[in-house]
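Notes to accompany the following structure.
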Amino acid sequence: MKVRSNAKLGVALLGALVVAVSLPMSVVAQDRAQTTEAEEEDSAQPVNDTWITTKVKADLMATSDVPGTEIGVETVNGTVKLSGAVDSKAKADKAVAVAKKIKGVKSVDASALTVAKAHK
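Numbering-wise, the sequence shown is residues -29 to -1, 1 to 91 according to mature numbering (1 follows the signal peptide of the UniProt record, and there is no 0).
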């Protein structure tokens, strides 16, 4: 009798473990699918200012020769405002070009993005 109840307990624990492991995996898979859908160009999802700000900041960070950590990004009604200091006009222009390519961006205001001389 004792062996049989241990076997039942083992089966029950194994079943609980399988459920506990598979549930988070399905949630992650669903989240990944939703993220992929949101990133598609033809998405019918509306783009909001928070998404635009996040996407611009991420793209600035991923772009070479643009100091993404030094550039502030704010978005209001699709207008992206870049602020901070970069060490060349080319980097400022590149930051503006990156922002303009983001879906949902209506205009880019770089008046608060200054060109400062690099320290030697």
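Ideal Cβ positions, reconstructed from N, Cα and C, are used throughout, including at glycine.
Of the listed residues K71, V69, L53, A63, nearest to A83 (C-alpha basis): In the sequence shown, residue 83 corresponds to position 112, counting from 1. Checking every option, the nearest Cα to that of A83 belongs to L53.
Short check: CB of T21 to CB of V44, under 7 Å? For this step, residue 21 is matched to residue 50 along the sequence shown. For this step, residue 44 is matched to residue 73 along the sequence shown. No; because the gap between Cβ atoms is not below 7 Å, this pair is not in contact.
Report the three-state DSSP secondary structure of I73 (helix, strand or coil). The sequence position of residue 73 within the sequence shown is 102, counting from 1. Coil at I73, not helix or strand.
Per DSSP, what kind of secondary structure is G49 in: helix, strand or coil? Within the sequence shown, residue 49 is the residue found at index 78, counting from 1. It is coil, neither helix nor strand.
How about V69 and A63: are their beta carbons less than 7 Å apart? Here residue 69 corresponds to residue number 98 of the sequence shown, with the count starting at 1. Here residue 63 corresponds to residue number 92 of the sequence shown, with the count starting at 1. It is not a contact, given that the beta carbons lie outside the stated cut-off.
N- and C-terminal bounds of the alpha helix (DSSP H) containing T24: Against the sequence shown, residue 24 aligns to sequence position 53. Looking at the DSSP string, the run of the alpha helix (DSSP H) that includes T24 is 20 to 33.
Just verifying my parser: in three-state terms, what is the DSSP assignment at A56? Position 85 of the sequence shown, counted from the first residue, corresponds to residue 56. Strand, per DSSP.
Do the CB positions of K28 and I73 come within less than 7 Å of each other? As a working mapping, residue 28 is identified with position 57 in the sequence shown. As a working mapping, residue 73 is identified with position 102 in the sequence shown. Not a contact, by the Cβ cut-off of 7 Å.
Closer than 6 Å: is that where the CB of A81 sits relative to any heavy atom of the ligand ADP? The ligand ADP is not part of the structure shown, which contains no ligands of any sort.
For D80, the three-state DSSP class (helix, strand or coil): Residue mapping note: residue 80 aligns to position 109 of the sequence shown, counting from 1. Residue state, collapsed to three classes: strand.
Tell me the rounded alpha-carbon separation between S59 and V18. Residue mapping note: residue 59 aligns to position 88 of the sequence shown, counting from 1. Residue mapping note: residue 18 aligns to position 47 of the sequence shown, counting from 1. Taking the straight line joining both Cα atoms gives about 31 Å.
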